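Have a look at the structure below before the remarks.
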Amino acid sequence: MKKFLPFISIALVALFWSTSNAPHSGKITFSLCDVQPATDRLSEQTYRNVVDHVTVSNRMQAGGEPGKRKLEDFADRDYMLVMTEAHAVAQAVQMAYAEHRPLTLTPDMIWLMIMQGFAQHVDANSEELRELFVDFSGKQMLNIKRGDFVKGSPDNDWEGVFPEFSEQIGMYTKDGLAEIMQQSFSTSSQVEKAAFQITLMDAMSAYFDYSITVSCGIPEITIEGTPTDWERLEQQTRKLARYDLGWWTDALVPILVEFTDASKGKFNRSFWAKIYHEKQEEIDLICAVGTETHITGWILDFFPYIKDDRNPFLGNKRAESTVEMEDLPSGLAKADLLYDDYGTLYQMELIAGFVGIKQDPVTNSLRPEISWAVVDTGAPPSDELLESYKEFKRLKEMTADKN
55 MKKFLPFISI
65 ALVALFWSTS
75 NAPHSGKITF
85 SLCDVQPATD
95 RLSEQTYRNV
105 VDHVTVSNRM
115 QAGGEPGKRK
125 LEDFADRDYM
135 LVMTEAHAVA
145 QAVQMAYAEH
155 RPLTLTPDMI
165 WLMIMQGFAQ
175 HVDANSEELR
185 ELFVDFSGKQ
195 MLNIKRGDFV
205 KGSPDNDWEG
215 VFPEFSEQIG
225 MYTKDGLAEI
235 MQQSFSTSSQ
245 VEKAAFQITL
255 MDAMSAYFDY
265 SITVSCGIPE
275 ITIEGTPTDW
285 ERLEQQTRKL
295 ARYDLGWWTD
305 ALVPILVEFT
315 DASKGKFNRS
325 FWAKIYHEKQ
335 EEIDLICAVG
345 TETHITGWIL
355 DFFPYIKDDR
365 NPFLGNKRAE
375 STVEMEDLPS
385 GLAKADLLYD
395 DYGTLYQMEL
405 IAGFVGIKQD
415 PVTNSLRPEI
425 SWAVVDTGAP
435 PSDELLESYK
445 EFKRLKEMTA
455 DKN
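So the sequence shown is numbered by this note's numbering: it starts at 55 and just counts up by one.
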C-alpha cells in the first residue's frame with residue numbers, strides 16, 4: 055500500500071451559488087475551501103484495465119487459480135478511470151481533501167456504501183438474523199436458465215441476469231427486503247442498478263446459492279440527484295434498523311439529512327468541512343497541511359465494520375479513530391455463481407461496487423465509479439456449491455416426474 059499524502063485541515067469560506075447550480079436542476083455545486091484547485095490531471099487508465107485490476111489481479115488470493123482467473127464480462131464504458139488501491143470513495147475523498155481537487159457524489163454511491171455495510175452485517179450475523187429474512191434452514195439454490203448464452207461471448211446479456219436473481223430473492227425473503235435494497239434514483243443507470251442487485255445477492259449469500267444453466271481538501275463538492283432522491287435514500291436507510299442495525303443507522307441518518315439539505319441548497323459548512331477530518335482547531339479561511347493519517351471524518355460512518363469487527367468509532371467517537379485507508383473494506387460485493395455450460399461446470403463470481411475514480415474533463419472533479427464484472431475464477435466449483443446444485447437438479451427431476 056502506497057503511503058498517502060499528508061492530509062489537509064479544512065476551514066471554510068462563504069457559500070457561493072450560481073443559477074446553474076440551483077437545487078431543482080438535479081445537480082448542485084458549492085464552494086467549500088478557499089484554496090487554489092489543482093489543475094494537473096491524475097494519471098488514468100482504460101476502463102477495462104481498472105476493472106481487471108480490482109476484480110481479477112487484486113482478488114487473485116480470494117478465489118481462483120493463479121493465471122487462470124479472467125474477466126468473463128463487465129460494464130464497459132468509453133472513458134478512462136483513475137486506478138485506486140483502496141476503497142474508491144474513501145480514496146477519492148482523501149485525494150480531493152489533500153490535493154485540492156473537486157469531488158462529485160451521487161445517491162447511488164451513498165446507497166451502495168450503505169448496502170455494502172448492510173451485507174457485511176448480515177454476513178457477520180447470518181444465523182442470528184435468519185428468521186428476519188427467510189423461513190427455511192440451510193441454503194436454497196436459485197437457478198436461471200439461459201439458452202442463448204455462449205461462455206466467453208461479449209453478447210451474453212448479463213445485465214438481464216441480475217434482476218432475475220433479485221426477483222427470486224424477493225420471492226423467498228420477508229418484509230420487502232429486495233425492494234428496499236434495489237433503489238432507483240434520478241442518477242441511476244443500468245450499471246448502478248446492477249451493482250445494487252449484485253450487492254443484494256452478496257448480502258443473501260448465507261441463505262442462497264446461485265447458478266446459471268445453459269440448456270441451450272476539497273475546493274468544491276457537487277451533489278448529484280434531486281431532493282426526492284436523497285429523501286428516499288434517507289427513508290430507506292431508516293428501515294434497515296429493523297435488522298439489528300439501529301446502532302449503525304442512528305449514526306448514518308444525521309449525515310443523510312445533511313445530503314438532503316444540501317440538495318435543496320441548504321449548505322452546512324461546518325458539517326462538510328469534516329468529511330475526512332473531524333478535528334478542526336478553528337473554522338476560518340485557512341487550509342493547513344497536517345500529518346495525521348487516521349480517517350476521523352464522517353465518511354467513516356459509512357463503514358459499519360472494520361476488519362470484521364464493528365466500527366468502534368461511529369458517531370461522536372470519530373475523533374478517536376485509528377482507522378487508516380488500508381483498514382477499510384474493498385468497496386466490492388461478490389456472489390459466487392455456478393455456470394453450467396451443457397454439463398461443464400465453472401466457478402464464476404459476480405462482482406460489483408466501486409472500481410476506480412472518474413475525472414471530469416473540464417473541472418477535474420473526482421467521481422467514484424460504480425461498475426460490475428463477471429469473473430471466471432479458473433477453478434472448479436466448490437464442493438458445497440456442487441452439492442447444492444446437485445440437490446437442486448434432483449428436486450427438479452422429481453418435480454418433473456410427478457408432472
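Ideal Cβ placement from N, Cα and C applies to all residues, glycine included.
All values reported here derive from a predicted model rather than from experimental measurement.
| Exposed or buried, what is Gln115 when buried is set at 16 or more other beta-carbons lying within 10 Å of its beta-carbon? | Legend: pLDDT at Gln115 = 44, less than 50; position of this residue unreliable, value from coordinates given subsequently. With fewer than 16 Cβ atoms within 10 Å of its Cβ, Gln115 is classed as exposed.
| message | Give me, in chain order, the residues of the same chain whose beta-carbon lies closer than 8 Å to that of Gly397; leave out the 5 immediate sequence neighbours on both sides. | response | none
| query | When the Cα of Met235 is compared with those of Ala92, Phe262, Ala249 and Thr431, which residue comes out closest? | reply | Ala249
| message | Less than 7 Å between C-beta atoms, sequence neighbours within five positions excluded: which residues of the same chain meet that for Gln99? | response | Met134, Leu135 and Met137
| request: Pull up the distance between the alpha-carbon of Asp256 and that of Tyr101, whole angstroms please. | output: 24 Å
| message | Can you tell me whether Ala260 is helix, strand or coil according to DSSP? | response | coil
| field | DSSP-derived helix/strand/coil call for Val235 | value | Note on identity: in this sequence residue 235 is Met, with Val being the wrong assignment. Correct three-state label for Met235: helix.
| message | Quick check on this structure: which residue in Thr347, Asp130 and Asn197 has the alpha carbon closest to the alpha carbon of Phe262? | response | Asn197
| task | Spell out whether any CB of chain D is found under 9 Å from the CB atom of Glu98. | result | Reference to chain D is not applicable here, since this structure consists of a single protein chain.
| request: Evaluate Arg123 with the Cβ neighbour count: other Cβ atoms within 10 Å of its Cβ, from every protein chain shown; 16 or more gives buried, anything less gives exposed. | output: buried
| field | Option nearest His107 by Cα separation, candidates Val377, Ser425 and Glu451 | value | Ser425
| request: Identify the continuous alpha helix (DSSP H) that holds Tyr151 and give its terminal residues. | output: Ala142 to Glu153
| Counting pairs of Cβ atoms below 8 Å between the segment 436-447 and the segment 387-403, do you hit three or more? | yes
| Between Glu126, Glu278, Lys328 and Pro281, which lies nearest to Val147 when the distance is taken from Cα to Cα? | Lys328
| message | According to DSSP, simplified to helix, strand and coil, what is Glu126? | response | strand
| message | Less than 6 Å between C-beta atoms, sequence neighbours within five positions excluded: which residues of the same chain meet that for Met258? | response | Ile223
| said: Does the distance between the C-beta of Leu310 and the nearest non-hydrogen atom of the ligand COA fall short of 8 Å? | reply: What this structure holds is no ligand at all, so the ligand COA is not there to describe.
| Runs of beta strand (DSSP E) wholly within the segment 170-243 (minimum 3 residues, chain order) | 194-199
| query | So what does Lys247 bridge to, in DSSP terms? | reply | Answer is none; Lys247 lacks a bridge partner.
| request: With DSSP as the reference, please indicate the residues paired to Lys488 in a beta bridge. | output: Given a span of 55 to 457 for the chain in the structure shown, any question on residue 488 remains unanswerable.
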